[in-house]
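Its first residue numbered 17, the sequence shown is counted upward by one per residue in this note's numbering. Ideal Cβ positions, reconstructed from N, Cα and C, are used throughout, including at glycine. Shown next, in structure tokens, is the structure this report addresses.
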Amino acid sequence: MDNIYDFDVKMTNGEMKSLKDYEGKILLIVNTASKCGLTPQFKGLQELYDTYKEKGLEILGFPCSQFNNQEFSNIEETTEFCQLNYGVTFPILAKIDVNGDNADPLFKFLKEKKKGTLSKSIKWNFTKFLVDRNGEVIERYAPTTSPEKIEEDIIKLIG
Numbered sequence: 017m018d019n020i021y022d023f024d025v026k027m028t029n030g031e032m033k034s035l036k037d038y039e040g041k042i043l044l045i046v047n048t049a050s051k052c053g054l055t056p057q058f059k060g061l062q063e064l065y066d067t068y069k070e071k072g073l074e075i076l077g078f079p080c081s082q083f084n085n086q087e088f089s090n091i092e093e094t095t096e097f098c099q100l101n102y103g104v105t106f107p108i109l110a111k112i113d114v115n116g117d118n119a120d121p122l123f124k125f126l127k128e129k130k131k132g133t134l135s136k137s138i139k140w141n142f143t144k145f146l147v148d149r150n151g152e153v154i155e156r157y158a159p160t161t162s163p164e165k166i167e168e169d170i171i172k173l174i175g
């Protein structure tokens with residue numbers, strides 16, 4: 017796989033969606049968790065989405081329970097929680113693993129393109145990857161990097 021558009025992701029209803037559908041968009045891809053100390057970042061992510069969606073930003077949230085089991089086991093609970101508590105309208109996809117033998121192929125690709133500070137592994141919930149309109153992985157952000165701190169990079173990609 018050479019490009020982000022080569023991947024399909026599973027939606028919450030179990031259907032597959034091609035990332036080719038997002039070709040020409042700026043993507044912010046995030047591994048999320050509903051019961052994490054960083055969960056309030058959903059608010060900032062939604063604010064970015066509201067502000068820049070019309071200019072080509074898409075945010076894709078991938079729930080993950082690999083870090084202290086901080087995600088609901090039922091995906092409907094996850095999506096309801098995000099909508100009710102943070103007004104999330106950007107796509108929340110099916111729950112995945114981001115590390116290990118069962119890591120989602122998309123996240124294997126993202127980690128290969130942008131390694132973390134000390135390793136490729138994702139260390140915690142809310143690791144974020146910024147992808148440009150050509151499908152190139154531009155940046156990886158630490159879990160503690162707030163969505164507001166990513167805004168400047170998004171503005172640069174919007175042009």
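According to DSSP, residue pairing for SER135 in a beta bridge does not occur.
GLN86 is positioned such that its CB atom lies no closer than 7 Å to that of ASN115. With contact defined as three or more Cβ pairs closer than 8 Å, the region 106-115 and the region 156-169 are not in contact. In the three-state reduction of the DSSP assignment, GLU70 falls in the helix class, which pools H, G and I. Secondary structure at PHE97: helix, using DSSP grouped into helix, strand and coil.
Residues GLY60 of the same chain have their beta carbon placed closer than 6 Å to that of GLU164, with the five preceding and five following residues left out of the count. By the C-beta criterion, the region 127-145 is judged to be in contact with the region 52-70, since at least 3 inter-stretch pairs fall below 8 Å. For LYS130, the CB contacts under 6 Å within the same chain, skipping 5 residues up- and downstream, are VAL153 and ARG156 in chain order.
In the DSSP annotation of this structure, the continuous segment of the beta strand (DSSP E) that includes PHE145 starts and ends at 144-147.
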